[in-house]
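Notes follow the structure.
There are 2 protein chains.
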Amino acid sequence: MAQVISERRDVEFVLHEQFEVGNLSKNDRFAEFNKKTVDMIVNEARNLAVKELLPINKEGDEQGCTFEAGKVIVPDSFKRVYDLFNEGEWLAMTEDPEWGGQGMPHVVGQAAAEYFNGANYPFMMYGNLTHGAGKLVESFGTDEQKATYLKKLYTGEWGGTMLLTEPCAGSDVGALETVATKNADGTYAISGSKIFISGGEHEMVDNIIHPVLARIEGAPAGTRGISLFLVPKYLVNDDGSLGAFNDVVCTGIEHKMGIHGNCTCSLTLGGKGQCVGTLIGEENKGMAHMFLMMNEARLHVGMQGFACATAAYMYALDYAKQRVQGANLTKPKDGGVPIIQHPDVRRQLLTMKAYVEAMRSTIYYMGLLRDYTHVTEDAEDKARYEGLIEILTPVAKGYVTDRAFEMCSHAVQVYGGYGFIEEYPVAQLLRDCRITMIYEGTNGIQAMDLMGRKLGMKKGKVFMDLMAEISKTVAEAKEFPALAPFAAKVEGSLMKLGELAMHMGKTAMSEKVLSAFAYAHPFLEVTGDVVMAWMLLWRGTAAAKGLEKAKKKDIPFYEGQIKSLDFFTGCVLPVTEGKMEMIKATNSAIVDIAEESFIC
Amino acid sequence: MAQVISERRDVEFVLHEQFEVGNLSKNDRFAEFNKKTVDMIVNEARNLAVKELLPINKEGDEQGCTFEAGKVIVPDSFKRVYDLFNEGEWLAMTEDPEWGGQGMPHVVGQAAAEYFNGANYPFMMYGNLTHGAGKLVESFGTDEQKATYLKKLYTGEWGGTMLLTEPCAGSDVGALETVATKNADGTYAISGSKIFISGGEHEMVDNIIHPVLARIEGAPAGTRGISLFLVPKYLVNDDGSLGAFNDVVCTGIEHKMGIHGNCTCSLTLGGKGQCVGTLIGEENKGMAHMFLMMNEARLHVGMQGFACATAAYMYALDYAKQRVQGANLTKPKDGGVPIIQHPDVRRQLLTMKAYVEAMRSTIYYMGLLRDYTHVTEDAEDKARYEGLIEILTPVAKGYVTDRAFEMCSHAVQVYGGYGFIEEYPVAQLLRDCRITMIYEGTNGIQAMDLMGRKLGMKKGKVFMDLMAEISKTVAEAKEFPALAPFAAKVEGSLMKLGELAMHMGKTAMSEKVLSAFAYAHPFLEVTGDVVMAWMLLWRGTAAAKGLEKAKKKDIPFYEGQIKSLDFFTGCVLPVTEGKMEMIKATNSAIVDIAEESFIC
């Protein structure tokens, strides 16, 4: 039977054969998460995703959210499933059980999240943001703030958001104008307007807790004067019961290209009455605090984009096997065949397969690295893992969502005319996926982050650590004769990337800084390509091992892994190397062209 | 003031400086179309587009079409503007005045069409299809059919469509099941169901004429047994008045990702009563006849995609000049600047500018070639022009729409979060544009057409003719010292393309046919890249000439042309050459992978 959302065999392959996540259970923290438990968790997540989240995805898209008389109405079917989801304790599955989490490894959480987001990503946004708000409270909140809010957030009883953007402060958060004025009791009166607030107002939960970036009166301009506040929709009494409305007023919702099931709200704080917030973390350190959440959020966004791509691939593959149209080129007289036999369709399917697999490994690896930081006792190792997370974040967000959108577009193409019809599922995936390239820092900003911050971290040591990890996989793969040619290709691209990184790092520090940054995005692309190749090579090694003891029925799967590697090293890396040459030449037209020359 | 839809200066540049279309007026056929007249026509088209078509584009998208009680209701505002459009005699502007056309050169018609389609492409589809149906009648109709239908179609009094697709016959038209049974009076009773019929039913016009592909009872299977019929919605009496309803019943319309303003209908013919059609052209030659229309339609589709891209670029450029966000990297303390100053935004804008310019030239050139076929008296020249049209059609449809979609996506990215909001114009352009990659033959089919049919036409002579045209431009550009380095790069890529074409042609004729076709789409991409580079080099030459006598105010425009060329040869061609290497290596994974290996 056709698989939906994600390829189950591949999910298991990544968890157990590529990353051997069972090993995590050797550590006290994850002792209960042996292979059996991990499989059970993923299975349960899959069941919930397939049986509950997926069936309401289309309804969410079609019905969307509405704004009536100041109220935001989410799709009818969401409330029941949201309660189910929270009863299953999935919202904060990787968090401390003390606060309502399940304490599971992040890498396992990624597998569950893939099914959830692939089934219904607009729905999942409510929980994701709530989790992020909780994380902020856990990381920077006072004991009182934790006692008041944390469990309510992690269990999904209340909602959480993230109030950064204002009409004139998008990518440039430092330009924000929301003001916080200290009250006599130590709280703050908050006043301002925020836009693009996902899940900013709805009635699925009794209260919504808004982390808000604002400037305390008299604080410096720009990002250095921004503080973070917790602003509940309803004030909370000392006994935990809900008090007065806190004047967080929704003034409208956006009509968007996709993610219709999630409401994108404009909120006015303290516009009519009193809006009270409490400082969270230190004064004027709001940006730094929020960045913690932003980094997690960026990884979530990578997951969202990837989940659209994997679901799109599953649909396209199934369609290509079913849809009979046109004869096989080598047997023109035999009549119609399933379109998976046509070379151009196979090209698109194998492109999707290779990228989806490589992205899956990358996304799960981000979780694994996080788990490693938790279980290692070696400070140097811990710092190395954290560095790898830092440098791979722009890839896992920026590169992955760029490619994910392309993969969704391939799926539409495989469907042909039906791909453009909303009755079929891939059109929505394409529309939903498009925002992942924009929010939580546009992919242009991810690229600047890689070139401007991450590349030079610790004088380049972090990037060298990444190179070293890839080299390890190359060395291991070379042990397998069947993989050696592919390993050599990955190694070749890796060496060129290393040289290019040195070159671009220097250029970015020189007077040619603008030229360097003009190629930040292409540089992210080639970095991402090499990371994908690395992951496919790593998978190839795991597949080669698997083949040594495979039962007959498992052989096609393992062989498929080698084919993805063959395809990627043969059809993508040569183009990547062409891009590297191009970047290295650093043509100056982008910087030099006069503004008036863009148009007469 | 900001330009909308298209860059006026650039349109004039292509018409007069690159292609010198005024020269066409030296021929009798186009005697009245001197420069002044051409400019007047384009100006009028622009006015109508900006003042009438553009303002109803959003309404068309939001209101869309509805299907109620068997009737299709198009957006409210369309009827008035459709009548205006037809009063202006724009529907068949390049056709013979005898039949209601204006007889203008195709290249001039392209400029007008760019404005119309850029302003409101879903609206334009009604007229485009009507024109195509008229072209069929003109080309293959009997005198009686012409007298009955042609003027009504070319003047837009009646509508026209194109009934090919059936649920099991999409790309494989030969699989269709609609049947035609000969009546005693020589007409045919038509019976079958068609889907995806643009403008298949609506009430903006009194009658709709459907060219229908069907199989005469007893005719061979596949494409060799298909005939073409004219089936009016209402039968036409001898005096031209409308007679009985002809049982063409709309059974529903599609809910699509884009082009909401155009109704996509399912039609049942002869389901309840009698549906009568008349044969047009020869029995069993329906596919060949329809192909004439298909080729024109493919060029229209290229225009549609391109028009989305050029409008998207205009919006993005305007937005990037207005939107203040973040500091200039070289002046971090100066505060916010328009985002056009940020290198990554400039990269995207220059990418869009270069492609839009190159696509504009390509699309207009297709019109110019058509005009040349009409004015040349040399049979060999005529054949050469026709060959160039043939070989460039997959580029003008397939390559152009692929890139156009990417350009629309860049525009969304430049808008940031606002790009995803339907209140702003670029989201719709992205959604509308997506279908252009699919209909009138998916871009995969365009790629197969290039590699499988066009490359080998006349034993490769047609492809050689294209190479020769490009070489001419290279030679001319080399005369300008400032252009010589760019010319050398274009020449280098052209030589490599020539070698690759030889190689792929041979591979396609060998037992490795599937491998060759697995790279048909990448081959279309590199061919398209070289064609774009050619057009930009040609423009560069025209700009270099322009600079020699330019007034100060014109200099930035001309310099911008050289910058596009600099960018494309420096930032795109190196990647193109990487792709060529990749294609040449013809990795076999795409063909070799077992179907079961796509999934466990």
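Chains P and Y, in that order, are what the protein sequence lines are.
Positions in the first sequence are counted from 1; adding 43 to them yields this note's numbering.
Positions in the second sequence are counted from 1; adding 43 to them yields this note's numbering.
C-beta: ideal position from N, C-alpha, C; glycine also.
Just so it is clear, the structure is predicted and the values come from calculations on it, not from any experiment.
message: Using DSSP's beta-bridge definition, name the partner residues of Y/G379.
response: Y/A370
message: Can you look up Y/C308 in the DSSP assignment and give me helix, strand or coil?
response: strand
message: Between which two residues does the alpha helix (DSSP H) holding P/E200 run?
response: Here P/E200 belongs to no alpha helix (DSSP H), and DSSP marks it neither H nor E.
message: Quick check: Y/L509 and Y/I598, are their CB atoms within less than 8 angstroms of each other?
response: no
- prompt: Are the C-beta of Y/C476 and some C-beta of chain P separated by less than 8 angstroms?
  reply: no
task: Whole angstroms is fine: what's the gap from Y/M500's alpha carbon to Y/L567's?
output: 16 angstroms
- request: Compare the C-alpha of P/L590 against each of P/Q604, P/W577, P/L579 and name the closest.
  value: P/Q604
Interface flag, Y/F529 vs chain P, CB-CB below 8 angstroms: no
task: Can you give me, in chain order, the residues of the segment 549 to 582 of chain P that have a beta carbon less than 7 angstroms from any beta carbon in chain Y?
output: V556, L557, F560, A561, A563, H564
message: Alpha carbons only, please: which of P/G199, P/M409, P/D572, P/L540 is nearest the one belonging to P/E130?
response: P/G199
field: 8 angstroms Cβ cutoff, P/Q106 in contact with chain Y
entry: no
task: Check whether the Cβ atoms of Y/L58 and Y/A154 lie closer than 8 angstroms to each other.
output: yes
task: Could you round the C-beta distance between Y/P617 and P/M625 to whole angstroms and report it? I think they count as a contact, below 8 angstroms.
output: 4 angstroms
message: Need the endpoints of the beta strand (DSSP E) that P/K237 sits in, please.
response: 231 to 241
- request: Output yes or no for whether 8 angstroms exceeds the beta carbon distance between Y/G242 and Y/F166.
  value: no
message: When you measure from the CB of P/C318 to every non-hydrogen atom of the ligand ADP, does any distance come out below 7 angstroms?
response: Looking at this structure, you won't find the ligand ADP or any other ligand, since it has none at all.
Rounded C-alpha distance that separates Y/V573 from P/P140: 60 angstroms
- request: Under 8 angstroms by Cβ, that's how I've got P/G613 and Y/A490 pegged, so tell me the actual separation to the nearest angstrom.
  value: Not confirmed; about 19 angstroms, so no contact.
message: At the level of alpha carbons, what is the spacing between Y/G229 and Y/D414?
response: 38 angstroms
query: Hey, is P/D215's beta-carbon within less than 8 angstroms of any beta-carbon in chain Y?
result: yes
- prompt: Nearest-angstrom Cα distance between Y/A294 and Y/L310?
  reply: Per the sequence shown, residue 294 of chain Y should be read as Thr rather than Ala. The alpha-carbon atoms of Y/T294 and Y/L310 are separated by roughly 6 angstroms.
- request: Would you mind reading off the limits of the alpha helix (DSSP H) that contains Y/I605?
  value: 598 to 610
message: Threshold first: 3 residues or longer. Then list the beta strand (DSSP E) segments lying entirely within the segment 213 to 292 of chain Y, N to C.
response: 222 to 225, 231 to 241, 251 to 259, 269 to 275, 277 to 279, 285 to 288
message: Here's the rule I'm using: 16 or more other beta-carbon atoms within 10 Å means buried, otherwise exposed. How should P/D290 be labelled?
response: buried
- request: List the endpoints of the continuous beta strand (DSSP E) containing Y/E36.
  value: Residue 36 of chain Y lies beyond the range of chain Y shown here (44 to 643); nothing can be said about it.
task: Answer yes or no: do P/A218 and P/A212 have a C-beta to C-beta separation smaller than 8 angstroms?
output: yes
Every unbroken beta strand (DSSP E) within the segment 48 to 112 of chain P, with a cutoff of 3 residues, ordered by chain: 109 to 111
Top-ranked residue by Cα proximity to Y/R5, from Y/H564, Y/E326, Y/I251: Here chain Y comprises residues numbered 44 to 643, so residue 5 of chain Y is not present and cannot be evaluated.
field: For P/L322, the first and last residue of its enclosing beta strand (DSSP E)
entry: 319 to 322
- request: Helix, strand or coil for P/L498, going by three-state DSSP, please let me know.
  value: coil
task: Give the interface partners of P/R267 over in chain Y, defined as CB-CB distance under 7 angstroms, in chain order.
output: The premise fails here: P/R267 is roughly 12 angstroms from chain Y at the closest Cβ pair, so nothing lies under 7 angstroms.
field: Of the residues P/I464, P/Y458, P/L392, the one placed nearest Y/I302, counting alpha carbons only
entry: P/I464
task: Name the residue from Y/I296, Y/D361, Y/L67 whose alpha carbon lies nearest to the alpha carbon of Y/K396.
output: Y/D361
task: Flag Y/T373 as yes if its beta-carbon sits less than 8 angstroms from any beta-carbon of chain P, otherwise no.
output: yes
message: Quick check: what's the CA-CA separation for P/D424 versus P/V418?
response: 10 angstroms
Short CB-CB distance (under 8 angstroms) between P/I383 and chain Y: yes
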